[in-house]
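Below is one structure, written out as structure tokens, with a few remarks after it.
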Amino acid sequence: MSRRNKTLLLLVFSLVAFSLFVYIRNASRKPPLSYKTFETPNGWGYRVFAADTMLVIQQETIPGMEGTRGFDSEQKAARTAAFVIYKIKKGNFPPTLEKKELDSLEVL
Numbered sequence: 121m122s123r124r125n126k127t128l129l130l131l132v133f134s135l136v137a138f139s140l141f142v143y144i145r146n147a148s149r150k151p152p153l154s155y156k157t158f159e160t161p162n163g164w165g166y167r168v169f170a171a172d173t174m175l176v177i178q179q180e181t182i183p184g185m186e187g188t189r190g191f192d193s194e195q196k197a198a199r200t201a202a203f204v205i206y207k208i209k210k211g212n213f214p215p216t217l218e219k220k221e222l223d224s225l226e227v228l
């Protein structure tokens with residue numbers, strides 16, 4: 121292998137290592153997600169926050185359902201908010217919810 125090829129290989133390896141380092145460093149800097157439930161005139165809703173202050177999602181109604189009905193209880197809103205955070209952490213944004221997921225969370 122020529123000196124030029126060795127230098128090029130070393131440069132490529134260095135760039136890949138640096139990119140990996142930056143990716144891991146940035147991934148660990150994502151702000152933590154949290155939620156707070158709140159009461160609405162039509163039931164319960166939730167808000168999802170990044171770093172406890174930046175509002176990411178405000179959901180006043182049951183997602184994916186027609187109408188303006190909120191959750192029947194604060195616990196159902198909290199369960200759904202926790203599942204939404206789980207989906208966001210898995211890379212699903214916006215975190216859409218299907219009826220079967222809402223059924224499995226026992227919120228319908």
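For the sequence shown, this note's numbering begins at 121 and goes up steadily by one. Heads up, the beta-carbon is just placed ideally off N, CA and C, and yes, glycines get one too.
For a test of the three-state rule: what should DSSP assign to Arg189, helix, strand or coil? Three-state DSSP puts Arg189 in coil, outside helix and strand.
If we ignore side chains and look at the alpha-carbon of each, how far apart do Met185 and Leu222 end up? Distance from the CA of Met185 to the CA of Leu222, rounded to the nearest whole angstrom, comes to 10 Å.
Here's a check: name, in chain order, each residue in its chain whose Cβ is nearer than 7 Å to the Cβ of Pro215, leaving out the five neighbours to either side. Contacts found: Val204, Lys207 and Ile208.
Use the C-beta contact count for Lys220: other C-beta atoms within 10 angstroms, 16 or more gives buried, fewer gives exposed. Taking a 10 Å sphere around the C-beta of Lys220, we find fewer than 16 other C-beta atoms and assign the residue as exposed.
Ala202 versus Ser122: straight-line alpha-carbon distance, rounded: Straight-line Cα distance between these residues: approximately 56 Å.
Looking only at C-alpha atoms, which of Glu226, Gly211 and Ala171 sits nearest to Phe191? Nearest option by C-alpha distance: Glu226.
Exposed or buried, what is Gln195 when buried is set at 16 or more other beta-carbons lying within 10 Å of its beta-carbon? Counting C-beta atoms within 10 angstroms of its own C-beta, Gln195 has fewer than 16 neighbours from the protein chains shown and is therefore classed as exposed.
So, are the CB atoms of Thr188 and Asn162 less than 7 Å apart? Yes, Cβ-Cβ distance for Thr188 and Asn162 is below 7 Å.
Select from Leu153, Leu228 and Val176 the residue whose C-alpha is nearest the C-alpha of Ser193. When each option's Cα is compared against that of Ser193, the closest is Leu228.
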